[in-house]
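Q: So that we are looking at the same thing, I have put the structure below in structure tokens.
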Amino acid sequence: MTKLLFKPLSLLVSVLSGILAAAVFKQIWKLAAGEDEAPEATDAQRGWREVLIAATVQGAIVGLVKAVVDRGAAQGARKYFGVWPGDDPAADAE
73 MTKLLFKPLS LLVSVLSGIL AAAVFKQIWK LAAGEDEAPE ATDAQRGWRE VLIAATVQGA
133 IVGLVKAVVD RGAAQGARKY FGVWPGDDPA ADAE
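Going by our numbering, the first residue of the sequence shown is number 73, and it counts up by one from there.
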């Protein structure tokens, strides 16, 4: 039952963390580069270095935000349901 409840919640949290990560990256890029938009990989006016730096920073921020949100959701699930998501309570009974 816990898995049934956690899966949709996890999906929603994942989508929200993506939105949050995009907003955080946009603000960090604006502060660091002084530009409103990060370069796209297909932008002919930007060099490799600039595009790769932007992609690396974006990937790090997305990974960090996802880990923070996923970990928080898992801890919340344990607090609310009494089990860690992904743990099999039946295996503990054996």
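Virtual Cβ for every residue (Gly too), placed ideally from N, Cα, C.
Computed from a prediction, not measured in an experiment: that's the story for all the values here.
Report the rounded CA-to-CA distance for residue 78 versus residue 135, giving the unit in angstroms.
A: Taking the straight line joining both Cα atoms gives about 21 Å.
Q: Drop a sphere of 10 angstroms on the beta-carbon of residue 87, count the other beta-carbons inside from all chains shown, and report buried for 16 or more, exposed for fewer.
A: Classification for residue 87: exposed.
Q: What does the alpha-carbon distance come out to for the pair residue 82 and residue 146?
A: One C-alpha to the other measures close to 9 Å.
Q: Can you tell me whether residue 157 is buried or exposed? The criterion is at least 16 other CB atoms within 10 Å of its CB, across all chains shown.
A: Label assigned to residue 157: buried.
Q: Starting from the Cα of residue 130, find the closest Cα among 84, 120 and 111 and give me that residue.
A: It is 111.
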